[in-house]
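Peer 1:
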Amino acid sequence: MKRIRLELKSITDRSYDVLVGRGILASLHSEIQRLGSFSSFGLVTDEVVRPLVAEPLQDQLRSNSIDTTLIALPPGESAKTIGTVLDLCQQLLVHGFDRRSLLLAVGGGVVGDITGFAAAIYMRGIPYIQVPTTLLAQVDSSLGGKTGVD
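Residue numbering for the sequence shown follows our numbering, beginning at 1 and increasing consecutively.
(1) For V49, count neighbouring C-beta atoms within 10 Å of its own C-beta (all shown protein chains included) and say buried if the count is 16 or more, exposed if not.
(2) Is the region 130 to 137 touching the region 62 to 74, taking contact as three or more C-beta pairs under 8 Å?
(3) If we ignore side chains and look at the alpha-carbon of each, how far apart do P75 and V110 end up?
(4) Beta-carbon separation of T147 and A120 under 8 Å?
(5) Among H95, Q58, I4 and S142, which one has its Cα closest to the Cα of G116?
(6) With distances taken from CA atoms, which of F38, M1, A105 and F41 is nearest A26?
(7) Given 8 Å as the limit, is there contact between the region 82 to 102 and the region 36 to 43, that is, 3 or more CB pairs closer than that?
(8) Is the beta carbon of V131 closer than 8 Å to that of L104?
(9) Could you check the C-alpha separation between L86 and V149 for me, to the nearest Å?
(10) Considering Cα atoms alone, identify which of H95, P127 and D46 is closest to G107.
(11) Can the beta-carbon of L28 be found less than 8 Å from the beta-carbon of L6?
(12) Enumerate in chain order the residues of its own chain whose CB-to-CB distance from Q58 is below 7 Å, with the five nearest sequence positions on each side excluded.
(13) Tell me where the alpha helix (DSSP H) around F117 begins and ends.
(14) Start and end of the alpha helix (DSSP H) containing D59?
(15) Roughly how many angstroms lie between the CA atoms of Y128 and I114, to the nearest whole one?
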C-alpha cells in the first residue's frame, strides 16, 4: 500500500491522507482505529454497490469490532438531490448518530457527494471517509474534497 499526503495550506490545516493500493479494504479497520475513537459508524452506499462491496465490507468491519449501520441510497445521478441529503440526515438522526460518529461513503461519485455534503451539514459537521468504487470517484474524491448536490 502506498500513502500519499496532500498538504493544503490555508488558515487551518486541511491536509489528508490518500491510500492507494491493492486489497486495501482488508485493512480499512486498522485505518479507522488509527483515526481515534468514534461513538458510531455509518456505512453509506447505494442499492447497486450494497451487495457487491458494502455488505462484505460491513462483515469485515464487524469481524474487527467495528459495528456499522448500513444506509443504502437510491442509485444513479438522479438521486443527487438535496432531498436525498435530507433523507440521509434524517436516517442519521433516527439511528442516533452524533458529533463523534464517523461516516464511510462506499460507492461512486454520487454516494461520495451525498455523504460528504451530509457529513458537512449534520450537527455542524462530522468526519467521513471516502471509499470510492469507481475510477472517476477515486480521482474526484482524492483531489480537492468538494462535495455537492444538484
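Think of the CB as a built atom: it goes at the ideal place given N, C-alpha and C, for glycine as much as any other residue.
Peer 2: In terms of the structure at hand:
(1) Against the sequence shown, residue 49 aligns to sequence position 49. It is buried - the Cβ of V49 has at least 16 other Cβ atoms within 10 Å.
(2) no
(3) Taking the first residue of the sequence shown as position 1, residue 75 is located at position 75. Taking the first residue of the sequence shown as position 1, residue 110 is located at position 110. Going by the C-alpha atoms only, they are around 8 Å apart.
(4) For the purposes of this step, residue 147 is taken as residue 147 along the sequence shown, with counting starting at 1. For the purposes of this step, residue 120 is taken as residue 120 along the sequence shown, with counting starting at 1. Their beta carbons are under 8 Å apart, which means T147 touches A120 by this criterion.
(5) In the sequence shown, residue 116 corresponds to position 116, counting from 1. Nearest of H95, Q58, I4 and S142 to G116, Cα basis: S142.
(6) For the purposes of this step, residue 26 is taken as residue 26 along the sequence shown, with counting starting at 1. Taking only the C-alpha atoms, the option nearest A26 is M1.
(7) yes
(8) On the sequence shown, residue 104 is found 104 positions in, with the first residue counted as 1. On the sequence shown, residue 131 is found 131 positions in, with the first residue counted as 1. Yes, the Cβ-Cβ distance between L104 and V131 is below 8 Å.
(9) In the sequence shown, residue 86 corresponds to position 86, counting from 1. In the sequence shown, residue 149 corresponds to position 149, counting from 1. Near 11 Å, if we compare the C-alpha coordinates of V149 and L86.
(10) The residue given as residue 107 occupies position 107 in the sequence shown. G107 has its Cα closest to that of D46, out of H95, P127 and D46.
(11) By 1-based counting over the sequence shown, the position of residue 28 is 28. By 1-based counting over the sequence shown, the position of residue 6 is 6. It is not a contact, given that the beta carbons lie outside the stated cut-off.
(12) For the purposes of this step, residue 58 is identified with residue 58 of the sequence shown, where counting begins at 1. Within the same chain, Q58 has close Cβ partners L43, T68 and L70.
(13) As a first step, residue 117 is located in the sequence shown; it is residue number 117 there, counting from the start. Counting along the chain, the alpha helix (DSSP H) containing F117 begins and ends at G109 to I121.
(14) As a position in the sequence shown, residue 59 is number 59, starting the count at 1. Residues E55 to R62.
(15) Walking along the sequence shown from the start, residue 128 turns up at place 128. Walking along the sequence shown from the start, residue 114 turns up at place 114. Going from the Cα of Y128 to the Cα of I114 covers about 11 Å.
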